[in-house]
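Undergrad:
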Amino acid sequence: MPRFIKIFLDRFKEYIVLILFLIASLSLISLNENPKVKNLRVFSLGIFASLNSFISNTYDATSNNNYVQQLEKRNAELMLQVNKLRKYGLEHERLNKIFEFVNTRKSDLVVARIVSRLVSKISGYFIISKGSKEGIEKGMPVVTDQGLVGLVIDVANDYSSVRTYENSLFKVAVKNERSNVNGILNWNGRKLVISNVPTTEDMEVGDKIIVSELSSIIPPAIPIGKIVDKESTISGILSNIIVEPYTKINNLKTVIVVKTIRNLQLDSLELNLIRRN
Amino acid sequence: MAILQLTIIPMLAIGSITPDVIIILIVAFALVHGQLYGTILGGVLGFLFDLLSGGVLGSAMFSKTVAGFIAGYFYNENKIEFNTATLFFLLIVFISSTINSFFFLLLTSSEIKLTVSYLVLEQGILPGFYTALLSLPIVIYNQRRKIL
């Protein structure tokens, strides 16, 4: 019997190793949300990201990063301010005599360098050079001066992992800034799409899409992109709205994390999907 | 190698199509040392890549294990030089890389519907071709070493 096992192992060792590795990897995939596996990811993020950072730093040594980062932070601040003012302007026109909604959220910006990136049309991730030491928390939005980039999903002491909008798991509540039509924006592997919008809704090519007040994760009014196309579904009742993002994430070197300081009462009432996970 | 893949290689990306230098290493290793070692190296480097990239843990491990296993099929101890110093190496890299990209995207796209043609053509063959092109210097280097 041991001889038979020995012959069997010797003959099929490649297949046995393959099967063992495949089982291990599939188990890891299914355990991705397990707290122990998450801890392992955060731990490795802290260790390996410093190596990535060193190489990335060496590569970028020639550019004046501090000055560029300061300018990018200023640009992002101005972008958020402009969007808030635009939003107030539109609200003022519509609700002339009613008090404006008091925005109870404050935001602070942290500039971070992209240490490494997983370029993929389906599972885009960045690792950025700021972590919990800078006050970054899971769920905070990541932007540039042009618009939304993604969400922080894991945080180590000095580094954070960001899920970009080019990711099949990315979903955000959005609205048309002009017509106030709401929808859920997601990534379909090629484009950003607001799926299943009734064709009767007022959505025109060129309209600006921003984060909706309905979003419990990302603060409202952060711009995302503009409508470039409308595709009718087979029934003709619904349509898919194609959105072209303002931020092109492939060439980014730095991003800005919006440290949203949330209203505690509002936070306790809201359905915060990130915290539920 | 995984760090290189995540820091420097994205600068070479054409759109979302990125060459995979880890696959080149796995293929070269599998062709020199055999299928078993190619599979193991694929699994280990895939796992490290998952840890470093912040992506779905296990996805690159799965795809690179399969790629290493497939590359190992071409192992022949009497043809190591032929396999690594001719354009046949590019073909093996292309096949392995295409399979790697296909499985990687298949495992990370659970939330969306993708067509097989999209997975194979756009996200499999194109990155595979780009990776094969990037492995050309290895073939040239091995040819020169062979001549000397």
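Going down the list, the sequences are from chains A and B. Counting in the working numbering, the first sequence tops out at residue 277, every number present. Counting in the working numbering, the second sequence tops out at residue 425, every number present. Note that beta-carbon positions come from the ideal geometry of N, C-alpha and C, so glycine has one too.
#1: Quick check on DSSP: helix, strand or coil for residue 190/A?
#2: Could you tell me the distance, in whole angstroms, from the CA atom of residue 142/A to the CA atom of residue 229/A?
#3: Helix, strand or coil for residue 399/B? Go by DSSP, reduced to three states.
#4: With three or more C-beta pairs closer than 8 Å as the rule, is the segment 34-50 of chain A touching the segment 321-332 of chain B?
#5: With burial defined as no fewer than 16 other Cβ atoms inside 10 Å of the residue's Cβ, what is the status of residue 81/A: buried or exposed?
#6: Note down the Cα distance separating residue 233/A from residue 239/A, rounded to an integer number of angstroms.
#7: Please classify residue 384/B: is it buried, with 16 or more other beta-carbons within 10 angstroms of its beta-carbon, or exposed?
#8: Leaving out the 5 sequence neighbours to the left and right, which residues in its chain are closer than 6 Å to residue 304/B when beta-carbon positions are compared?
#9: Looking at residue 136/A and residue 257/A, is the spacing between their C-beta atoms short of 8 Å?
#10: Three-state secondary structure (DSSP) at residue 209/A?
#11: Answer with yes or no whether the minimum CB distance from residue 287/B to chain A is below 8 Å.
#12: If you measure between the beta carbons of residue 363/B and residue 416/B, is that distance less than 8 Å?
#13: My parser needs the alpha helix (DSSP H) runs of 4 or more residues fully inside the segment 13-68 of chain A; what are they?
#14: For the segment 333-354 of chain B, list every residue whose C-beta sits within 8 Å of some C-beta in chain E, in sequence order.
#15: Determine the burial state of residue 200/A: buried for a count of at least 16 other Cβ atoms within 10 Å of its Cβ, exposed for fewer.
#16: What residue range is occupied by the uninterrupted alpha helix (DSSP H) comprising residue 315/B?
#17: Which residues, taken in chain order from the segment 186-201 of chain A, show a beta carbon closer than 9 Å to some beta carbon of chain B?
#18: Count the other CB atoms, across all protein chains shown, that sit within 10 Å of the CB of residue 354/B; report buried if there are 16 or more and exposed otherwise.
#19: For a contact meaning CB atoms closer than 7 Å, what does residue 125/A contact in chain B?
#20: Provide the residue(s) that pair with residue 161/A in DSSP beta bridges, ordered along the chain.
#21: When you compare the CB positions of residue 8/A and residue 316/B, do they come within less than 8 Å of one another, or not?
#22: Taking C-alpha atoms, which residue in 131/A, 218/A, 206/A lies nearest to residue 226/A?
#23: Would you kindly work out how many angstroms separate the C-alpha atoms of residue 253/A and residue 113/A, rounded to a whole number?
#24: Taking DSSP's pairing of strands, which residues face residue 86/A in a bridge?
#25: Per DSSP, which residues does residue 117/A bridge with? Please list them.
#26: Using only alpha-carbon positions, find the residue among 412/B, 286/B, 359/B, 278/B that is nearest to residue 424/B.
#27: Residue 332/B to residue 400/B, Cα distance in whole Å?
#28: Start and end of the alpha helix (DSSP H) containing residue 378/B?
#29: Measuring only between beta-carbons, confirm whether residue 427/B sits less than 8 Å from chain A.
#30: Pull up the DSSP beta-bridge partners for residue 232/A, would you.
#31: Just grab the DSSP bridge partners of residue 254/A for me.
#32: Could you please give the first and the last residue of the uninterrupted alpha helix (DSSP H) stretch that includes residue 138/A?
#33: Output, in sequence order along the chain, the residues in the segment 29-53 of chain A whose CB is closer than 7 Å to any CB in chain B.
#34: At a CB-CB cut-off below 9 Å, which residues of chain A make contact with residue 320/B?
#35: Closest Cβ-Cβ distance between residue 113/A and chain B: below 8 Å?
TA: Quick answer:
#1: coil
#2: Residue 142/A and residue 229/A have their C-alpha atoms some 26 Å from each other.
#3: helix
#4: yes
#5: Exposed: under 16 other Cβ atoms inside 10 Å.
#6: Roughly 5 Å separates the two Cα atoms.
#7: buried
#8: 348, 369, 370, 373
#9: yes
#10: Three-state result, residue 209/A: strand.
#11: Yes, because at least one Cβ of chain A sits closer than 8 Å to the Cβ of residue 287/B.
#12: yes
#13: Qualifying alpha helix (DSSP H) stretches, in chain order: 35-59.
#14: Within the model displayed, chain E is absent; protein chains A and B are what it includes.
#15: exposed
#16: 312-330
#17: 186, 187, 188, 189, 190
#18: exposed
#19: 330, 331, 332
#20: 127/A, 154/A
#21: no
#22: 206/A
#23: 6 Å
#24: Residue 86/A pairs with nothing; no bridge assigned.
#25: 126/A
#26: Looking at 412/B, 286/B, 359/B, 278/B, the one whose alpha-carbon comes closest to that of residue 424/B is 359/B.
#27: 17 Å
#28: 365-385
#29: In the structure as shown, chain B starts at 278 and stops at 425, and residue 427/B therefore has no counterpart that could be examined.
#30: 239/A
#31: 113/A
#32: Run containing residue 138/A: none; DSSP gives neither H nor E here.
#33: The residues in question are 29, 32, 37, 41, 44, 45, 48, 51, 52.
#34: 17, 18, 20, 21, 22, 24, 25
#35: no
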